[in-house]
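One structure below.
Number of protein chains: 2
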Amino acid sequence: MPKVVDPAERRRELAEAVWRVIRRDGLEHASVRNVAREAGLSMGSLRHYFESQGELLAFALRMVIERIERRIAALEPQPDPRRRAELVLAELLPMDAERQAENEVWLAFTARAQVDPALRPLRDQGHDVLRAGCRRIVHDLAGDVPEAEIEVQADRLHALLDGLAVHAAVRPDLNTPERMAAVIARHLDDL
Amino acid sequence: MPKVVDPAERRRELAEAVWRVIRRDGLEHASVRNVAREAGLSMGSLRHYFESQGELLAFALRMVIERIERRIAALEPQPDPRRRAELVLAELLPMDAERQAENEVWLAFTARAQVDPALRPLRDQGHDVLRAGCRRIVHDLAGDVPEAEIEVQADRLHALLDGLAVHAAVRPDLNTPERMAAVIARHLDDL
Numbered sequence: 003m004p005k006v007v008d009p010a011e012r013r014r015e016l017a018e019a020v021w022r023v024i025r026r027d028g029l030e031h032a033s034v035r036n037v038a039r040e041a042g043l044s045m046g047s048l049r050h051y052f053e054s055q056g057e058l059l060a061f062a063l064r065m066v067i068e069r070i071e072r073r074i075a076a077l078e079p080q081p082d083p084r085r086r087a088e089l090v091l092a093e094l095l096p097m098d099a100e101r102q103a104e105n106e107v108w109l110a111f112t113a114r115a116q117v118d119p120a121l122r123p124l125r126d127q128g129h130d131v132l133r134a135g136c137r138r139i140v141h142d143l144a145g146d147v148p149e150a151e152i153e154v155q156a157d158r159l160h161a162l163l164d165g166l167a168v169h170a171a172v173r174p175d176l177n178t179p180e181r182m183a184a185v186i187a188r189h190l191d192d193l
Numbered sequence: 003m004p005k006v007v008d009p010a011e012r013r014r015e016l017a018e019a020v021w022r023v024i025r026r027d028g029l030e031h032a033s034v035r036n037v038a039r040e041a042g043l044s045m046g047s048l049r050h051y052f053e054s055q056g057e058l059l060a061f062a063l064r065m066v067i068e069r070i071e072r073r074i075a076a077l078e079p080q081p082d083p084r085r086r087a088e089l090v091l092a093e094l095l096p097m098d099a100e101r102q103a104e105n106e107v108w109l110a111f112t113a114r115a116q117v118d119p120a121l122r123p124l125r126d127q128g129h130d131v132l133r134a135g136c137r138r139i140v141h142d143l144a145g146d147v148p149e150a151e152i153e154v155q156a157d158r159l160h161a162l163l164d165g166l167a168v169h170a171a172v173r174p175d176l177n178t179p180e181r182m183a184a185v186i187a188r189h190l191d192d193l
């Protein structure tokens, strides 16, 4: 009897195969052929789920956004906005192996979208979702301050987060979870 | 009579041809062949200056670092450390077309070095030089504070800078020089 495969589960496995190829060989090598080989499937089987490399990449990138959103939605309610900010920001930063993988995939997409316009809408969506999340955190923490100040502080927190994420990918030996947490704590002190 | 070509000038032109290929097509397309075509030279002429793609890429990346260092060295002396910090940070951020080009080349190298170990020493050198510059700025501004506080603030300024640079590459319409300057000014206020 053939094994029954849950299509959602299979698509998740395929996206993870895309992630592995991107992290090991680079995004331009994440072709339908290479991903099928990585996942141990025939090209025909893979095409049952994804018709093109574009679809495969888009799914793998959406999975980064969805995982982060799911983790944030699953956080326990927090009456203290400072504590909530710390927990949300920790979900956005590469604090463990799973989030390191997401972060490296995101960095590869960010750079690749500069020369591949088809990737830009999803990359920009990720950018805007993160900016909106930063604005909400600043708004909740800053209290009654002028609108312009909230926007500057949202830009600042957003840039800080993405800079920490890039540094954690580039120099994981120096930019450890402990150092990221210390920087975030210091930043929230000033808000 | 054949035109006399200054070799330093020719190498600079070639590095700029590398930059154009990287920004238009992506770093993996910056082969000796494509760069020779971009520069209007034969492969043989180009090989007179650079023997391999690796040498060509390394030179193009070193030119980013050297240009930034030269501009900072050329700044007028500033008795006020806050004013000096603003001027140095402005040289590091993509505030005009020249610095936007440097920034996009840097982003492409940053991502590519994740999967191409040959590029890592130079990328890490750029990372460390920028970190040291941030530490100096924090040290000059912060006065008599504990060593650990200087390190956290140096990590923070470094991450902020690289985050702003990534955002300027990704969304230049939103992340304008004016907004970067406002974020930097607000950050220096807190130091």
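So the sequence lines, in the order shown, correspond to chains W and H.
Heads up: the first sequence is residues 3 to 193, going by the numbering used here.
Heads up: the second sequence is residues 3 to 193, going by the numbering used here.
Cβ coordinates follow ideal geometry from the N, Cα and C atoms, glycine included.
For the alpha helix (DSSP H) that glycine 165 of chain H lies in, which residues bound it at each end?
Its alpha helix (DSSP H) spans residues 149-172.
Kindly list, in the order they appear in chain H, the residues whose Cβ is closer than 8 Å to that of aspartate 27 of chain W.
Annotation: Cβ neighbours of aspartate 27 of chain W in chain H (cutoff 8 Å, chain order): Val117.
Could you run through the region 128-143 of chain W and flag, in chain order, every residue whose CB is less than 9 Å away from some CB of chain H?
Using a CB distance below 9 Å, the part of the region 128-143 of chain W facing chain H consists of His129, Asp130 and Arg133, ordered along the chain.
Given 8 Å, three or more beta-carbon pairs between the region 178-191 of chain W and the region 147-160 of chain H
Touching, yes.
Can you give me the C-alpha to C-alpha distance between valine 7 of chain W and valine 37 of chain W, rounded to a whole angstrom?
For valine 7 of chain W and valine 37 of chain W, the distance between alpha carbons rounds to 18 Å.
Can you give me the C-alpha to C-alpha distance between histidine 169 of chain H and alanine 87 of chain W, rounded to a whole angstrom?
Distance between the alpha carbons of histidine 169 of chain H and alanine 87 of chain W: 22 Å.
Name the two residues that bound the continuous alpha helix (DSSP H) containing phenylalanine 52 of chain W.
Element bounds for phenylalanine 52 of chain W: n/a, residue is neither H nor E.
Just to confirm my understanding: we take proline 9 of chain W, look at its own chain, exclude 5 residues before and 5 after, and list those with CB closer than 8 Å. What are they?
In its chain, beyond the 5 residues on either side, Tyr51 have a beta carbon closer than 8 Å to the beta carbon of proline 9 of chain W.
Can you find a CB in chain H that lies within less than 8 Å of the CB of leucine 166 of chain W?
At least one chain H Cβ lies under 8 Å of leucine 166 of chain W.
Residue range of the alpha helix (DSSP H) that includes leucine 89 of chain W
Bounds of the alpha helix (DSSP H) holding leucine 89 of chain W are 83-94.
Count the CB pairs spanning the region 137-148 of chain H and the region 10-17 of chain H that are closer than 8 Å, and state whether there are at least three.
Touching, no, given that fewer than three Cβ pairs across the two stretches are closer than 8 Å.
Could you check what DSSP says for aspartate 192 of chain W in three-state terms: helix, strand or coil?
In this structure, aspartate 192 of chain W counts as helix in the three-state DSSP scheme.
Buried or exposed, going by whether 16 or more other CB atoms sit within 10 Å of the CB of leucine 63 of chain W?
The residue in question, leucine 63 of chain W, is buried, as its Cβ has 16 or more Cβ neighbours within 10 Å.
Neighbour flag for aspartate 192 of chain H against chain W, beta carbons, 8 Å:
Using beta-carbon distances, aspartate 192 of chain H counts as an interface residue toward chain W, with a partner under 8 Å.
Counting contacts by CB-CB distance shorter than 8 Å, is threonine 178 of chain H in contact with chain W?
No, no contact with chain W.
Check whether chain H comes within 8 Å of valine 185 of chain W, counting only Cβ atoms and requiring the distance to be less than that.
Yes, its Cβ sits closer than 8 Å to a Cβ of chain H.
Would you tell me roughly how many angstroms separate the C-alpha atoms of histidine 179 of chain H and aspartate 98 of chain H, rounded to the nearest one?
At residue 179 of chain H the sequence reads proline, which differs from the histidine that was named. Going from the Cα of proline 179 of chain H to the Cα of aspartate 98 of chain H covers about 8 Å.
For isoleucine 139 of chain H, which residues in the same chain have their Cβ closer than 6 Å to its Cβ, ignoring the five residues on either side in sequence?
Closer than 6 Å at the Cβ level, and outside the excluded window around isoleucine 139 of chain H, lie Ala87.
Mapping DSSP to helix, strand and coil, what is asparagine 36 of chain H?
Secondary structure at asparagine 36 of chain H: helix, using DSSP grouped into helix, strand and coil.
Evaluate the contact criterion for the region 18-30 of chain H versus the region 107-121 of chain H: three or more CB pairs, one atom per stretch, below 8 Å.
Touching, yes.
Counting contacts by CB-CB distance shorter than 8 Å, is alanine 113 of chain W in contact with chain H?
Output row for alanine 113 of chain W: interface = yes.
Supposed contact pair valine 66 of chain H and glutamate 93 of chain H - C-beta distance, whole angstroms, cut 8 Å:
The beta-carbon separation of glutamate 93 of chain H and valine 66 of chain H, rounded to 12 Å, does not stay under the 8 Å limit for a contact.
Distance, aspartate 191 of chain W Cα to aspartate 192 of chain H Cα:
Distance between the alpha carbons of aspartate 192 of chain H and aspartate 191 of chain W is about 11 Å.
Applying the 10 Å Cβ sphere with the 16-neighbour rule, what's the burial state of valine 107 of chain H?
Classification of valine 107 of chain H: buried, given that the 10 Å Cβ count is 16 or more.
Cβ shell of leucine 77 of chain H (< 6 Å), same chain only, five flanking positions each side left out
The residues are Leu89.
List the residues of chain H that histidine 50 of chain W touches, going by C-beta distances under 8 Å, in chain order.
Within chain H, no residue comes near histidine 50 of chain W; the closest Cβ sits about 29 Å away, beyond 8 Å.
Taking the Cβ atom as the reference point for each residue, do valine 34 of chain H and arginine 49 of chain H lie within a distance shorter than 8 Å?
Contact: yes.
Alpha carbon to alpha carbon, how far is glutamine 102 of chain W from alanine 171 of chain W? Give it in angstroms, no decimals.
Rounded to whole angstroms, alanine 171 of chain W and glutamine 102 of chain W show a C-alpha spacing of 7 Å.
Could you give the distance in angstroms between the alpha-carbon of alanine 41 of chain W and the alpha-carbon of glutamate 68 of chain W?
Rounded to whole angstroms, alanine 41 of chain W and glutamate 68 of chain W show a C-alpha spacing of 21 Å.
Taking C-beta to C-beta, are leucine 163 of chain H and leucine 121 of chain H nearer than 8 Å?
Using a Cβ distance threshold of 8 Å, leucine 163 of chain H and leucine 121 of chain H do not count as a contacting pair.
Whole angstroms are fine: how far does the CA of aspartate 118 of chain W sit from the CA of glutamate 20 of chain H?
Strictly speaking, residue 20 of chain H in this sequence is valine, with glutamate absent from that position. In this structure, the straight-line span from the alpha carbon of valine 20 of chain H to that of aspartate 118 of chain W is close to 18 Å.
Rounded C-beta distance between glycine 165 of chain H and glycine 165 of chain W? I'm assuming under 8 Å.
Their Cβ separation, rounded to whole angstroms, is 3 Å, which keeps glycine 165 of chain H and glycine 165 of chain W in contact under 8 Å.
For the alpha helix (DSSP H) holding glutamine 127 of chain H, just list the boundary residues, first then last.
It spans 122-144 - the alpha helix (DSSP H) in which glutamine 127 of chain H sits, taken as one unbroken run.
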